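Chains X and W supply the protein sequences, listed in that same order. The opening residue of the first sequence carries number 1 in my numbering; numbering runs sequentially from there. The opening residue of the second sequence carries number 1001 in my numbering; numbering runs sequentially from there. Note that beta-carbon positions come from the ideal geometry of N, C-alpha and C, so glycine has one too. Computed from a predicted model, the values in this text were never measured in an experiment. Below is one structure, written out as structure tokens, with a few remarks after it.
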Amino acid sequence: MMHAVPLKWAGCGSKIAKMEIVGKSHRRYDALYKARGKAVYVDDLYFPHMLYAGVKRSPHPHARIKKIDPGGLKGKKDVFFVSYEDIPGANKLPIIFDDWPVLAPGVARFAGEAVALVAAPKKELIPELLDEIEVEYEPLEAVFDPELSMKSKVRLFGDNNVFASYYYDTGDIEKGFQDADVIVEDTYRTPYQEHAYIETQGMVAVPTPDGGMEIYGSMQCPFYVQKAVAGVLGIGMNKVRVVQMETGGAFGGKEDMPSQVASQAALLAYVSGHPVKLIYSREEDILSMSKRHPGIIKSRVGAKKDGTLVAVDTTYILDSGAYATLSPAVLWRGTVHACGPYRVPNVRVRSYAVATNKVPCGAFRGFGAPQVIFAMESQMDRIAEELGMDPAELREKNLVREGDTMPYGHKLAGSVGTLETLKKAVEKSGWKEKRKTYGKEEGFKKRGIGLATIFYGVGLGAAGKQLDRSGAYIQITEDGKVAFAVGTTEMGQGMKTALAQIVAEELGFRYEDVAILPTDTSRVPDSGPTVASRATVMSGNALRNAAKPLRETLIKIASELLSVPPEKIELKLGDVYVDGSPKLSLDELIKEAYRRREHMASQGYYVAPHTSWENKEGGEAYMVYAWATKIAEVEVDLLTGEVKVLRITSAHDVGKAVNPTLVEGQIEGGAIQGMGYALMEDILTEGGEIINNNFSTYIIPTIVDAPEIIPIIVEREFDKGPYGAKGFAEQPLMGIAPAITNAIYHATGVRIKELPATPERVFEKLLKAGKVELWKEK
Amino acid sequence: MKKLTVNFTVNGERVRLRVPANRTLLDILREDLGLTGTKRGCDTGECGACTVLMNGRSVNSCLVLAGEVEGAEIITVEGLGGEEALHPLQEAFLEEDAVQCGFCIPGMLMSAKYLLDRNPDPSEEEIREAISGNLCRCTGYIPIIRAIKRAALKLKERK
Ligand code: FES
Ligand code: FES
């Protein structure tokens, strides 16, 4: 698939008039070896004298640990045991409040929390060895509901169990509602979502002779892992090297959690002096690793007769689980995204992340935004209905445009493709026609079409800005090839490919001549986490900065060799061009550079543009925003409540699609994950304990469920992004759920206010609304 | 644990091993034979990442015990293409960009091979049916369906 290429890129003094590689769908860098079964994931690593590890976990949601007795393990040859008392450094994982211990120190606060570790030379011995460890617990009163937790006498954090809280006010909310002709008010609930990456968490820790530790594993954020392991072992970060292995899916679930897994493996490696491999089973992964936060969203929205929004009042509560981990950051993003991509003059937002005795929740594609989007986009449809307006028209009327100010005070300078995504999605999906015809089917299967418009702040934003910088390294070899390294990670999203294209473009290489070095903390400086759809922008810009001196050197030499002024020289596709024709091969030019002993390696660094935030006023929350419109078509079976998604049209303003096929792949994959969130995925707990901890009880979409997906790419370039790109990977999931529930409403007149819209839930609603009887009578 | 000796072939090579009776084919492949292309996503028959062909049929290797392997012919992802050449399925997966994180892919390929071996011209329905035991969390399955259709065409052209 080829897409039109804009003619100019005016940045960093580039001489490239037209892009040769960026914007084209080059073959995914890592696909070939993955398809041959040759990719090396962490469980594929073996070291001499390596031990295997297991984790003993608390079965209680809240309990005092009175005694940990390694029982018969003591004195067993080559068997190693670790409890919190054996931790040489700090028993805390550094993230925001540094509150999650590696091993429960005296009190366990959720069912599944790690209590002790064991390692032995044979993997199959581990279950028995774990059984030999005896832990004496005294169960404590526990709290599972976030709203009750705020008033509970069970103390988990501070004096009200609220980990974090944000607010902002714009305009005059009371007056806003007085001016409204129509007001809708409701409470929406969203469930847990399990990442369900097909590769579970895993790490190998290898002690080094100088008292340090090497870590190999599945992760998004090697620099988090480096800091955590150094802290737990009480050694310098300069003695911890972290190498990312091929990572079998992450979706946010491998942002902070790998610090935990790596610290456990590292403790056993430290105690034993052996390499230690720790691979989580599917069950313990689901029990103990983070999830998407369940959310409660109380929303009140007011509009004028003509559809103009005048007031939005949102209270957002997150069920954070036992430790804060990333909750404050997740909550902040949700707070910023609470009112949707709309012009709203009067706003009041209050948000709370609350501790409960359940598994800690953390990062998951969308990071606190999908919950509030579900509420706001449901509310938008309700307003449209009250006013007898088309939901697409209502959005069109209120969507922000360039020059508008977001409800939290951020004036949008450029790269605002909201309206374009709406228009294209509406057109391509046949919205207008289907709004009229769907729902009128004879019989017990009814069709519906629904939409949602969303925005997403790219990068860490003001709440994480101290981490928002990235490094890169490029090395040109004498044979005319190039290798590069970055500090962000590939997890299937296609980062390596996009960055290889950028490097090839910048320096005039053929795509095939670019190689990518593994992400390794010893190769580039701390580049922050690979989250928030930031890798293309941050590493892309760091690479462009690294490429700059190399390109200058090459052009200088070429200009001397060819006796033409440097501004006439173009490097592209493996050749040196003058006036549009190739004069010299890049190979030759590089050989000459080597002969002259030029420095053919370079470091680059990039710091994210300014962002700001203050409670009350808000601020310039993110460096740039991505915009999207989702349209879902469904068929609801009135007899069973079953919802079948027929088609999803998903239009995204990505700034610039560095590789359109990869962008489409993200749109497709994210849509299906969003569909799982809408219709089937939920973690069930009993007394705080997760009861559906495998793939036969935690259901994710299979190939049978996959509907047709129509991806649409809109390109409103971001002036600070590499080639105009502004980051993309999370947005495809966001807004799918309300598009589906809005479509269910269109089909049946039944409004789903709590996800997932399982057949049971939909059927119950249909029954209550008399829709099933209605059919019977006919 | 009782040990037993098993004889079988993997990707055309004869293997003779002495293993505990409760060892799974997945562990035999990965841990004993170093064929780590076959992946473990659950170990309980729910994800399909460990799919291999056993006597021409697709199986979840995490559910096959050592004793059942006696005399069997096993094909894993490593035996799908040659050292040099790719199998048309692999080619099609690359061409359709059906590989993201890659963890489900070896299993997907083997399930797809089983389908095309039996049914060289599958309908989309049949493709969905054949792959319904293989979970993928990245691609949304859409490019996988496209890739299998494409591979079927390639195989036909080669005949
Ligand atoms: S590992 Fe065998 S089916 Fe999941
Ligand atoms: S490509 Fe990641 S699970 Fe399928």
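- [ ] Determine the DSSP secondary structure at A547 of chain X, reduced to helix, strand or coil.
- [x] helix
Open item on the list: Against chain X, does C1136 of chain W count as a neighbour if the rule is that its beta carbon must be under 8 Å from one of theirs?
Closed with: yes
Open item on the list: With a threshold of 8 Å between beta carbons, is H3 of chain X in contact with chain W?
Closed with: Bear in mind that a pLDDT of 38 at H3 of chain X, under 50, signals an unreliable position, so the number given afterwards is only what the model happens to contain. H3 of chain X does not count as touching chain W.
TODO: Flag G1037 of chain W as yes when its Cβ comes closer than 7 Å to any non-hydrogen atom of ligand 2, and as no otherwise.
DONE: no
Task: Best match in X:E642, X:K411, X:D86, X:P275 for proximity to I740 of chain X [C-alpha to C-alpha] - done: X:E642
- [ ] Have a look at L543 of chain X and T521 of chain X and give me their C-alpha separation to the nearest angstrom.
- [x] 16 Å
- [ ] Work out the CA separation of L1035 of chain W and K1149 of chain W for me, nearest whole Å.
- [x] 28 Å
- [ ] Closer than 8 Å by C-beta to L638 of chain X: which residues in its own chain qualify, once you throw out the five before and the five after it? Chain order, please.
- [x] F444, K445, K446, T748, L766, K771, V772, W775
Task: Partner residues on chain W for T702 of chain X, Cβ-Cβ distance less than 7 Å - done: S1132, L1135
Open item on the list: Give me the DSSP bridge partner(s) of G202 of chain X.
Closed with: X:I279
- [ ] Verify whether the separation of the beta carbon atoms of F1103 of chain W and G676 of chain X is less than 8 Å.
- [x] no
Open item on the list: Cβ closer than 8 Å: which chain X residues qualify as neighbours of T1051 of chain W?
Closed with: The premise fails here: T1051 of chain W is roughly 12 Å from chain X at the closest Cβ pair, so nothing lies under 8 Å.
Open item on the list: I want to see whether chain W comes within less than 8 Å of F47 of chain X, judged by CB atoms only; does it?
Closed with: no
Task: Where D78 of chain X falls, given that 16 or more other Cβ within 10 Å makes a residue buried - done: exposed
Open item on the list: Using a Cβ-based criterion (distance less than 7 Å to any ligand heavy atom), does G157 of chain X qualify as near ligand 2?
Closed with: The sequence given here places Phe at residue 157 of chain X; Gly does not occur at that position. F157 of chain X Cβ: outside cutoff for every heavy atom of ligand 2.
Open item on the list: Just to confirm before moving on: does the CB-CB distance between K434 of chain X and I454 of chain X stay below 8 Å?
Closed with: no
- [ ] Could you pull out every residue in the same chain whose Cβ sits closer than 7 Å to the Cβ of L554 of chain X, ignoring the five residues on either side in sequence?
- [x] L571, L589, A593
Task: Other residues of its chain near R716 of chain X: CB distance less than 6 Å, five sequence neighbours each side excluded - done: S415, G417, D653
Open item on the list: With a threshold of 8 Å between beta carbons, is G1114 of chain W in contact with chain X?
Closed with: The amino acid occupying residue 1114 of chain W in the given sequence is Tyr; Gly does not appear at that position. Not closer than 8 Å to any Cβ of chain X, the Cβ of Y1114 of chain W fails to qualify, so no.
- [ ] Answer yes or no: does any C-beta atom of chain X fall closer than 8 Å to that of T1024 of chain W?
- [x] no
Open item on the list: Can you tell me whether G302 of chain X is helix, strand or coil according to DSSP?
Closed with: strand
Task: Close beta carbons around L399 of chain X, own chain, < 7 Å, minus the five adjacent residues each side - done: P341, Y342, T418, L419, L422, T453
Open item on the list: Could you give the first and the last residue of the continuous alpha helix (DSSP H) run that contains Q260 of chain X?
Closed with: 257 to 272
TODO: Would you identify the three-state DSSP class for T1139 of chain W, choosing helix, strand or coil?
DONE: coil
Task: Cutoff 6 Å; reference F763 of chain X; Cβ partners in own chain excluding five residues on either side - done: G641
Open item on the list: For the region 1004 to 1019 of chain W, list every residue whose C-beta sits within 7 Å of some C-beta in chain X, in sequence order.
Closed with: none
Open item on the list: Is the beta carbon of I690 of chain X closer than 8 Å to that of L130 of chain X?
Closed with: no
Task: Interface residues of chain X facing L1153 of chain W [CB-CB closer than 7 Å] - done: Under the 7 Å cutoff, chain X gives no residues; its nearest Cβ is about 18 Å from L1153 of chain W.
TODO: Below 8 Å on the Cβ atoms is my guess for K436 of chain X versus G23 of chain X; work out the distance and round it to an integer in Å.
DONE: In fact, because the Cβ distance is near 38 Å, the residues do not count as touching under 8 Å.
Task: the region 266 to 280 of chain X in contact with the region 201 to 210 of chain X per 3-pair CB rule at 8 Å - done: yes
Task: Interface residues of chain X facing P1122 of chain W [CB-CB closer than 8 Å] - done: The premise fails here: P1122 of chain W is roughly 13 Å from chain X at the closest Cβ pair, so nothing lies under 8 Å.
Task: As assigned by DSSP and simplified to three states, the class of L1053 of chain W - done: strand
Task: Y456 of chain X - containing beta strand (DSSP E), residue span - done: 445 to 458
Open item on the list: Quick check on the DSSP output: what are the complete beta strand (DSSP E) runs of length 3 or more inside the region 625 to 661 of chain X, in order along the chain?
Closed with: 643 to 653
- [ ] Answer yes or no: the CB of N1060 of chain W versus the heavy atoms of ligand 1, is any distance below 7 Å?
- [x] yes
Task: DSSP state of E1078 of chain W mapped onto helix, strand, coil - done: helix
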